[in-house]
Amino acid sequence: MTSMKTDQGVERGIDLLRDPQYNKSTAFTETEREAFGLTGLLPSGVDSVDTQVRRVLQQLGDKPTDLERYIYLIGLLDNDETLFYKVVMSDPARFLPIVYDPTVGEACLKFGHIFRRPRGMYLSVRHRGRMAEVLSNWPSRDVRVICVSSGGRILGLGDLGANGMGIPIGKLQLYTACAACPPDVLLPIHMDIGTTNQSLINDPLYLGLRQPRITDDEVDEVMDEFVDAVQEVFPGCCMHFADWKGTDAMRLLARYRDNVSCYNDDIQGTGGVTVAGLMSALRVTRGKLSDQRVLFLGAGSAGIGIANLIASAMTLEGLSE
Numbered sequence: 472m473t474s475m476k477t478d479q480g481v482e483r484g485i486d487l488l489r490d491p492q493y494n495k496s497t498a499f500t501e502t503e504r505e506a507f508g509l510t511g512l513l514p515s516g517v518d519s520v521d522t523q524v525r526r527v528l529q530q531l532g533d534k535p536t537d538l539e540r541y542i543y544l545i546g547l548l549d550n551d552e553t554l555f556y557k558v559v560m561s562d563p564a565r566f567l568p569i570v571y572d573p574t575v576g577e578a579c580l581k582f583g584h585i586f587r588r589p590r591g592m593y594l595s596v597r598h599r600g601r602m603a604e605v606l607s608n609w610p611s612r613d614v615r616v617i618c619v620s621s622g623g624r625i626l627g628l629g630d631l632g633a634n635g636m637g638i639p640i641g642k643l644q645l646y647t648a649c650a651a652c653p654p655d656v657l658l659p660i661h662m663d664i665g666t667t668n669q670s671l672i673n674d675p676l677y678l679g680l681r682q683p684r685i686t687d688d689e690v691d692e693v694m695d696e697f698v699d700a701v702q703e704v705f706p707g708c709c710m711h712f713a714d715w716k717g718t719d720a721m722r723l724l725a726r727y728r729d730n731v732s733c734y735n736d737d738i739q740g741t742g743g744v745t746v747a748g749l750m751s752a753l754r755v756t757r758g759k760l761s762d763q764r765v766l767f768l769g770a771g772s773a774g775i776g777i778a779n780l781i782a783s784a785m786t787l788e789g790l791s792e
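If you use my numbering, the sequence shown corresponds to residues 472 to 792, in order.
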């Protein structure tokens with residue numbers, strides 16, 4: 472059957488079953504199957520979404536490791552977005568650690584080896600001079616949030632280059648699962664600036680550029696063009712910087728924060744959550760933040776972000792900078 476658009480703006484027939492945004496698989500009713508040319512393309516039984524969830528949970532229970540469950544769930548996301556999020560939110564405490572941290576760390580380490588289907592966009596230093604043109608290849612102009620990473624500092628695993636794409640994908644899944652943001656307005660992007668990880672460059676299944684990381688000045692030039700291109704192609708879009716190398720993270724945030732809608736969750740998000748936790752604890756002890764002494768282990772982007780926000784909060788209680 473040839474593909475055509477219905478009044479609802481979705482495909483017919485096999486094309487509809489291959490569209491994860493609209494596919495309901497065995498949950499299509501008899502009426503929908505007739506209307507959308509699906510008769511004969513699905514088993515006779517019509518499932519409720521709850522029955523579909525039970526089937527997925529049973530299949531997940533047969534997987535031996537969380538990485539296998541991650542791979543299965545990403546496959547489900549590629550097939551039926553609605554069912555994926557229904558499963559994840561059926562038990563967030565169980566599934567969020569699978570679709571994101573800590574399992575996503577192992578998934579990033581093995582990204583090129585477990586790769587099934589591309590998600591999001593992949594830009595690189597080779598696209599200099601045509602960033603807007605490349606971004607225009609994305610099929611939707613209604614993009615509200617972009618999560619972009621160079622893969623330069625993935626969790627506690629160091630520079631994973633293109634393998635770090637699992638982070639923007641996973642973070643934006645949390646936007647939908649936890650805040651009900653429509654997935655079609657979220658765009659994960661990997662910005663490939665090379666890698667310092669020689670083992671990745673030597674890996675025959677690595678999917679990124681096989682070249683050393685570019686200099687800081689070149690990173691700034693690439694990102695200046697990227698940020699301008701985002702404003703051109705997706706006006707008003709918020710940029711979420713995630714898991715960049717520490718010095719890159721702080722420099723890029725300072726470079727753009729006063730001019731465009733952007734934030735860095737490692738610096739600002741982690742800082743905000745930590746300070747909120749301290750303030751909540753101090754309500755119990757009836758203490759003041761400005762009277763506390765805080766010890767940090769290391770000075771990564773998260774640690775410095777936390778320290779800066781604690782210092783700002785202390786100044787609100789009367790301390791000088």
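In this text, a Cβ means the ideal position worked out from N, Cα and C, and glycines have one as well.
If you're wondering where the values come from, they're calculated on a predicted model, not measured in any experiment.
Task: Given P514 as reference, the closest of V524, F499, D521 and L749 once Cα atoms are compared - done: By one-based count along the sequence shown, residue 514 stands at place 43. If you compare the alpha carbons of V524, F499, D521 and L749 with that of P514, the shortest gap goes to F499.
TODO: Using DSSP bridges, identify the partner residues of N735.
DONE: For the purposes of this step, residue 735 is taken as residue 264 along the sequence shown, with counting starting at 1. Answer is F712.
- [ ] Just grab the DSSP bridge partners of V616 for me.
- [x] The count along the sequence shown starts at 1 and reaches residue 616 at position 145. Paired residues: L657 and C709.
TODO: Rounded to whole angstroms, what's the CA-CA distance from M710 to L544? Just pull it up for me.
DONE: Position 239 of the sequence shown, counted from the first residue, corresponds to residue 710. Position 73 of the sequence shown, counted from the first residue, corresponds to residue 544. So the alpha carbons of these two residues sit roughly 26 Å apart.
TODO: Kindly indicate which residue of T536, D518 and R504 has the alpha-carbon position closest to the one of T497.
DONE: What you label residue 497 is simply residue 26 of the sequence shown in a count that begins at 1. With distances taken between Cα atoms, T497 lies closest to D518.
Open item on the list: Taking the straight line between their C-alpha atoms, what separation do you get for V605 and H598?
Closed with: Start at 1 with the first residue of the sequence shown, and residue 605 comes out as number 134. Start at 1 with the first residue of the sequence shown, and residue 598 comes out as number 127. Taking the Cα positions, V605 is about 8 Å away from H598.
Open item on the list: Going residue by residue through the region 537-568, where are the continuous alpha helix (DSSP H) segments of at least 4 residues, counting only ones entirely within it?
Closed with: Listed in chain order, the alpha helix (DSSP H) runs fully inside the region 537-568 are 537-550 and 552-561, counting runs of at least 4 residues.
- [ ] Within its chain, find whatever has a CB closer than 8 Å to the CB of F697; leave out the 5 residues flanking it on each side and keep chain order.
- [x] Here residue 697 corresponds to residue number 226 of the sequence shown, with the count starting at 1. If we look at F697 and ignore the five residues flanking it on each side, its Cβ neighbours are L594, M602, V619 and M662.
Task: Close beta carbons around W609, own chain, < 7 Å, minus the five adjacent residues each side - done: Translated into the one-based positions of the sequence shown, residue 609 becomes position 138. Here the set comprises M592 and L658.
Task: Own chain, CB closer than 8 Å to E503, minus 5 neighbours either side, in chain order - done: Locating residue 503 in the sequence shown gives position 32, where the first residue counts as 1. Listed in chain order, the non-local C-beta contacts of E503 below 8 Å within the same chain comprise K495 and L509, local neighbours out to five positions each way being set aside.
- [ ] Can you tell me the Cβ-Cβ gap for G449 and G641, rounded? I've got them flagged as a contact below 8 Å.
- [x] Any question about residue 449 goes unanswered here, given that the chain covers just 472 to 792.
- [ ] Kindly indicate which residue of F705, R722 and S670 has the alpha-carbon position closest to the one of V690.
- [x] For this step, residue 690 is matched to residue 219 along the sequence shown. A check of alpha carbon separations from V690 across F705, R722 and S670 identifies R722 as the nearest.
- [ ] Could you give the DSSP three-state label for Y593: helix, strand or coil?
- [x] Position 122 of the sequence shown, counted from the first residue, corresponds to residue 593. DSSP, reduced to helix, strand and coil, places Y593 within a strand of the structure shown.
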